[in-house]
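With numbering that gives the first Met the number 0 as the guide, the letters of the sequence shown map in order to residues 0 to 416.
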Amino acid sequence: MFDVAKFRQLFPALQVKNPPIFLDAVGGTQVPQSVIDAVTDHLITKNGNKGGVFPTSVKTDEMMEETRKIVAEFINAPDSNEIIFGPNFTTLTFNISRSFAKTWKKGDEIILSRLDHDANVSPWVLAAEDAGVVVRYMDIDDKTCQINLDAYQNILSEKTKLVAFCAASSSVGTRTDVKKIAQMAHKVGALVYVDAVAYAPHDSIDVQEWEADFVGCSSYKFFGPHVGFLWGKREYLETLPAYKIRPAPNDIPVKWMNGAQAFEIITGAKAAIEYLAYVGKENPSYRVLYPKFASRQLDIHAGMAAIAEYESSLTWKFIKEIKKRPRYTLWGVGDEKDKMWRVPTIAISLGNEQSGKIAKYLAKNDIYIWSRSVYSISLSERLGLEQTGGFIRVGFVHYNTPEEVDILLKKLDQYQV
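Okay, structure coming up:
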C-alpha cells in the first residue's frame, strides 16, 4: 500500500494546522523539507559562481555536474551533458526556438498541437513568423481530447522540419502517444520537441524509449523549486547555432546557458529528484518494472511507478463521481478502460458559469485550484470554452488523499450558480 501519510509528513506546507487542500499542483507543487534544506545549505556553504578555483566555486561546479547526472537518470538521457538548465520550460523554449529558426527557410513547415500549453505554441509561432515558415496544427478528438493521428499523418510532409507537442495536457490531462508521433515525424526527417512539464510529476520518463529529440520539464511541477531543464540530443545541441555572449564556450551544455545560473535553485531540483528516489526505496515492489535500471536510477523510476498507481486511484475515484453529477462536464479521457491515456489533471466546466467564480468559491473553502484556459489557449479555443466560462482544473498529486477528493466533491455539490 502507498503510505500517503508518511510522505505528507515530509511537506511542511501540509503540516500546518488545518492545511488547505492543494489541488493546484499543475501550476506548481508543494516541496518536501529536504528541498528547502538543500537550497539553504547551498546558500550557506556553496554560494559562489561557476568556474573559479576557490572552494565555493568548485563546490558549485560539482553540484551542477551532480544535478545533470540525476536529471539524466530521471528522464533516462544517455549523456548528462545533454541537460540544459534555465528559468522554466517557457523561457528555454523561447531561447532555443530562435536557434531552430536560423536553420529554417521559407516554404518549410512546422507542426504544433491544439492540445498544448502556450509555452509550446507561441515560441514556435513567433519563430516561424520570423523565418517565413508555415505553421500547421495536429487536431484532437472532441470527446477525449486525444491527438487525431490520421489527421496528423495528413499534414506531415517532406517540408515538415519540427513537430512540437506535449506528453500530457496541462489542462485536460490527456496523454499523447509520444513514441508513435515521434516515429511518424522522423519518417519525414522532422525533429521532435516534447513538453513533458505536465507529465513529469506523474509517471516515469524515458526519452530514449520515446525516441524524442528534445524533452523539457520544470522542477516546480515535481516537488522542486522554480527552475526548468531541457534535454536535447548531443548532435543537435552541438550543431544548432546558440545565441550567446562571446566569452561563453562552444561546448555543451554551457553553450546554451548564458551567464550565472540560479545555482541554489538548481540544487533544489536535485533534491526533488532525490526525494522521488526515496519514494522508490519505500516502494521496492515496483523495481521489477525497470530491469534495465540500477541503483539510484532504479529507485527514481520505481518511485514514479508507485506514484502513478496511487494517483490513478484518486483520479478515477473523482471521475466516476463527477460523471454522476450531470450538471458538470468532464473534458478529456473519461473511460477507465483508457486510463493509460490520462494523468491526474482533470478539467470540468459548469455550463456557461464563469470558472473563476467557482475557483473563488473553492478558495474560500480552502480548496486551491486553477481556472479559465490556464495558458492552454489553443485547446480552450478548440473546445469552444474561450467563448463561455472556461473550466476549472483539478490537479491531484501523490500527497493528496481520498478524503480530499470527497471534500472537493461535497463542495462542488454545494456550489450555487
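Idealized CB from N, CA, C, for every residue including glycine.
Note that this is a predicted model, so its numbers are computed, not measured.
Check your understanding: Shortest alpha-carbon distance to residue 119 belongs to which of 195, 251 and 156?
Key -> On the sequence shown, position 120 is the one that residue 119 refers to. With distances taken between Cα atoms, residue 119 lies closest to 195.
**Study point:** Of the residues 347, 385 and 268, the one placed nearest residue 200, counting alpha carbons only
**Key:** Start at 1 with the first residue of the sequence shown, and residue 200 comes out as number 201. It is 268.
Check your understanding: Which of the three DSSP states, helix, strand or coil, is assigned to residue 349?
Key -> Position 350 of the sequence shown, counted from the first residue, corresponds to residue 349. Here residue 349 sits in coil by DSSP.
Review point. Quick one: what does DSSP say residue 44 is sitting in, helix, strand or coil?
Key: As a position in the sequence shown, residue 44 is number 45, starting the count at 1. Per DSSP, reduced to three states, the secondary structure at residue 44 is helical.
Exercise for review: Could you check what DSSP says for residue 302 in three-state terms: helix, strand or coil?
Suggested key: Here residue 302 refers to the residue found at position 303 when the sequence shown is read from its first residue. In the displayed model, residue 302 falls within a helix according to three-state DSSP.
Practice item. Tell whether a beta-carbon distance below 9 angstroms holds between residue 12 and residue 25. Key: Numbered from its first residue, the sequence shown carries residue 12 at position 13. Numbered from its first residue, the sequence shown carries residue 25 at position 26. Contact: no.
Point to revise | Coil, strand or helix - residue 167 by DSSP | key: Counting from 1 along the sequence shown, the entry for residue 167 is found at position 168. When secondary structure is reduced to three states using DSSP, residue 167 falls in the strand class.
Practice item. Answer with buried or exposed for residue 322, where buried requires no fewer than 16 other C-beta atoms within 10 angstroms of its C-beta. Key: The count along the sequence shown starts at 1 and reaches residue 322 at position 323. Burial state of residue 322 is exposed, judged by a 10 Å Cβ sphere holding fewer than 16 other Cβ atoms.
Check your understanding: Of the choices 364, 295, 225 and 285, whose alpha-carbon is the least far from that of residue 263?
Key -> In the sequence shown, counting from the first residue as 1, residue 263 sits at position 264. With distances taken between Cα atoms, residue 263 lies closest to 225.
Review point. Taking the alpha-carbon positions, what's the residue 229 to residue 197 distance?
Key: In the sequence shown, residue 229 corresponds to position 230, counting from 1. In the sequence shown, residue 197 corresponds to position 198, counting from 1. For residue 229 and residue 197, the distance between alpha carbons rounds to 14 angstroms.
**Study point:** Selected residue, minimal CA-CA separation from residue 344, among 357, 271, 329 and 350
**Key:** As a first step, residue 344 must be located in the sequence shown, where it is residue number 345. Nearest in C-alpha terms to residue 344, of all of 357, 271, 329 and 350, is 329.
Practice item. Using 10 angstroms around the beta-carbon of residue 249, count the other beta-carbons present and answer buried if the total reaches 16, otherwise exposed. Key: By 1-based counting over the sequence shown, the position of residue 249 is 250. Exposure of residue 249 is indicated by the presence of fewer than 16 other C-beta atoms within 10 angstroms of its C-beta.
**Study point:** heavy atom of the ligand GDP below 8 angstroms from residue 383 C-beta
**Key:** This structure does not include the ligand GDP; it has no bound ligands of any sort.
Check your understanding: With burial defined as no fewer than 16 other Cβ atoms inside 10 Å of the residue's Cβ, what is the status of residue 303: buried or exposed?
Key -> Taking the sequence shown and counting its residues from 1, one reaches residue 303 at position 304. Classification of residue 303: buried, given that the 10 Å Cβ count is 16 or more.
Point to revise | Within 9 angstroms, strictly: CB atoms of residue 58 and residue 45 | key: Residue 58 sits at position 59 when you count from the first residue of the sequence shown. Residue 45 sits at position 46 when you count from the first residue of the sequence shown. Remark: C-beta atoms of residue 58 and residue 45 approach each other more closely than 9 angstroms.
**Study point:** residue 20 beta carbon less than 9 angstroms from that of residue 403
**Key:** Along the sequence shown, read from residue 1 onward, the residue named residue 403 stands at position 404. Along the sequence shown, read from residue 1 onward, the residue named residue 20 stands at position 21. Yes, these two residues count as a Cβ contact at 9 angstroms.
Point to revise | Closest by C-alpha distance to residue 458, when choosing among 98, 61 and 204 | key: Only positions 0 to 416 of the chain appear in this structure, which leaves residue 458 out of reach.
Exercise for review: Over the uninterrupted alpha helix (DSSP H) stretch that includes residue 175, give me the two end residues.
Suggested key: Walking along the sequence shown from the start, residue 175 turns up at place 176. Where residue 175 is concerned, there is no enclosing alpha helix (DSSP H), because DSSP gives it neither an H nor an E.
**Study point:** Cβ pair residue 185, residue 306 closer than 9 angstroms
**Key:** Looking up residue 185 in the sequence shown gives position 186. Looking up residue 306 in the sequence shown gives position 307. With respect to residue 306, residue 185 sits apart: the two C-beta atoms are not nearer than 9 angstroms.
Review point. For the segment 312-381, which segments carrying the alpha helix (DSSP H) assignment without a break, of at least 4 residues, lie completely within its bounds, in sequence order?
Key: Complete alpha helix (DSSP H) runs here, min 4: 354-363 and 376-381.
Exercise for review: Would you decide whether residue 245 is buried or exposed? Buried here means 16 or more other CB atoms lie within 10 Å of its CB.
Suggested key: Position 246 of the sequence shown, counting from 1, holds the residue named residue 245. When all chains shown are included, residue 245 counts as exposed.
Practice item. Grab me the residues of residue 178's own chain with a C-beta within less than 8 angstroms of its C-beta, minus the 5 sequence neighbours each way, in chain order. Key: As a first step, residue 178 must be located in the sequence shown, where it is residue number 179. Taken in chain order, the residues that qualify are 208, 209 and 210.
Review point. Smallest Cα separation from residue 101: which of 161, 23 and 281?
Key: For the purposes of this step, residue 101 is taken as the residue at position 102 of the sequence shown. Residue 161 is the option with its Cα nearest to residue 101.
Check your understanding: Considering only residues of the same chain and omitting the five flanking positions on each side of residue 297, which have a CB-CB separation below 8 angstroms?
Key -> Here residue 297 is taken as the residue at index 298 of the sequence shown, counted from 1. Closer than 8 angstroms at the Cβ level, and outside the excluded window around residue 297, lie 279, 286 and 289.
Practice item. Can you check DSSP and say which residues form a bridge with residue 137? Key: Within the sequence shown, the letter at position 138 stands for residue 137. Residue 137 has 112 as its beta-bridge partners, per DSSP.
Check your understanding: In angstroms, rounded to a whole number, what distance separates the CA positions of residue 341 and residue 116?
Key -> Start at 1 with the first residue of the sequence shown, and residue 341 comes out as number 342. Start at 1 with the first residue of the sequence shown, and residue 116 comes out as number 117. Counting only the Cα atoms, residue 116 lies some 16 angstroms from residue 341.
Check your understanding: Counting along the chain, where does the beta strand (DSSP E) carrying residue 154 start and finish?
Key -> Counting from 1 along the sequence shown, the entry for residue 154 is found at position 155. Note, residue 154: premise wrong, no beta strand (DSSP E); alpha helix (DSSP H) at 148-154.
**Study point:** Proximity of residue 76 and residue 270 at Cβ, strictly below 9 angstroms
**Key:** Counted from its first residue, the sequence shown places residue 76 at position 77. Counted from its first residue, the sequence shown places residue 270 at position 271. In this structure, residue 76 keeps its C-beta atom at 9 angstroms or more from the C-beta atom of residue 270.
Check your understanding: According to DSSP, what are the bridge partners of residue 217?
Key -> As a working note, residue 217 is residue 218 in the sequence shown. In the DSSP output, where bridge partners are listed per residue, residue 217 has 227.
Point to revise | Reference residue 273, options 65, 83 and 241, closest by Cα | key: Reading the sequence shown from its first residue, position 274 is the one you call residue 273. For the residues 65, 83 and 241, the minimum Cα distance to residue 273 belongs to 65.
Practice item. Please name the residue or residues paired with residue 279 in a DSSP beta bridge. Key: Here residue 279 refers to the residue found at position 280 of the sequence shown. Paired residues: none, contrary to the question.
Exercise for review: Taking only the alpha-carbon atoms, compute the straight-line gap between residue 214 and residue 169 and give it to the nearest angstrom.
Suggested key: Position 215 of the sequence shown, counted from the start, is the residue given in the question as residue 214. Position 170 of the sequence shown, counted from the start, is the residue given in the question as residue 169. Going from the Cα of residue 214 to the Cα of residue 169 covers about 15 angstroms.
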